[in-house]
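Residue numbers 85 to 248, in our numbering, belong to the letters of the sequence shown in order. A virtual CB, placed ideally from N, CA and C, is assigned to each residue, including glycine. To start, the structure under review is shown below, and the notes come after it.
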Amino acid sequence: MPFPRGTASPRCEPRNTSVDAVTNLNSPAATSLANRYGTPKRALSKKAKIIILSVVGALSLTWILWVVVGGNTGISQKLVSYEVVDPTLATVDIAVTKDPGATAQCAVKAMNSTYATVGWNIITIGPNGTADGSENGRTTTVRGQMRTDSLAVTGVVENCWIVE
């Protein structure tokens with residue numbers, strides 16, 4: 085039965101409201117936040133997480149093996165002592181551990197009080213017999229001299245390497 089014009093219907097008529105895609109709410113606040121900041125990102129699937137973790141694990145293991153095995157040059161050095169003889173000469177004593185049959189070279193340098201290099205030289209350490217040095221010829225102590233431009237205050241071993 086129709087109602088006269090101007091009177092209210094006893095039943096409620098549905099209103100057209102938009103449902104927020106982000107929160108499934110009818111609130112205008114949720115809609116304005118989605119408009120302002122964008123819709124939230126989808127979470128990674130379980131399969132994608134497993135793949136990413138596997139790749140990261142493989143890369144980490146590769147890096148660790150490279151550092152341990154690839155970084156091992158077969159030689160190590162240790163500064164035993166240094167002496168500044170005069171303003172034109174400095175010496176360093178270094179202990180070099182290497183294969184007894186290998187020849188090595190070490191770069192040594194002298195530095196002044198401002199850490200500037202004032203002297204530099206390359207020392208060659210030849211093959212050893214098993215009776216030479218310590219550890220069956222693996223460790224040898226050598227003295228290297230270097231001419232200096234001015235008074236040095238310290239001497240250091242920069243690096244050592246095996247000569248092929």
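6 Å CB neighbourhood of residue i in its chain, flanking five on each side removed
i: I159; result: K182, A188, C244, I246
i: G185; result: P211
i: E242; result: A191, K193
i: A132; result: none
7 Å CB neighbourhood of residue i in its chain, flanking five on each side removed
i: S234; result: P171, N196, V202
i: G141; result: none
C-beta atoms of residue i and residue j nearer than 8 Å
i: K193; j: A179; result: no
i: I209; j: V226; result: yes
Residues near residue i in its chain [Cβ-Cβ closer than 8 Å; skip 5 each side]
i: V237; result: V168, M195, N196, S197
i: I148; result: none
i: S165; result: V176, D177
For the stretch 162-179 and the stretch 223-230, state whether three or more C-beta atom pairs, one from each stretch, are separated by less than 8 Å. Yes, they touch.
Fully enclosed by the stretch 117-173, which beta strand (DSSP E) runs are 3 residues long or longer? For the stretch 117-173, whole beta strand (DSSP E) runs of length 3 or above, ordered along the chain, are 160-170.
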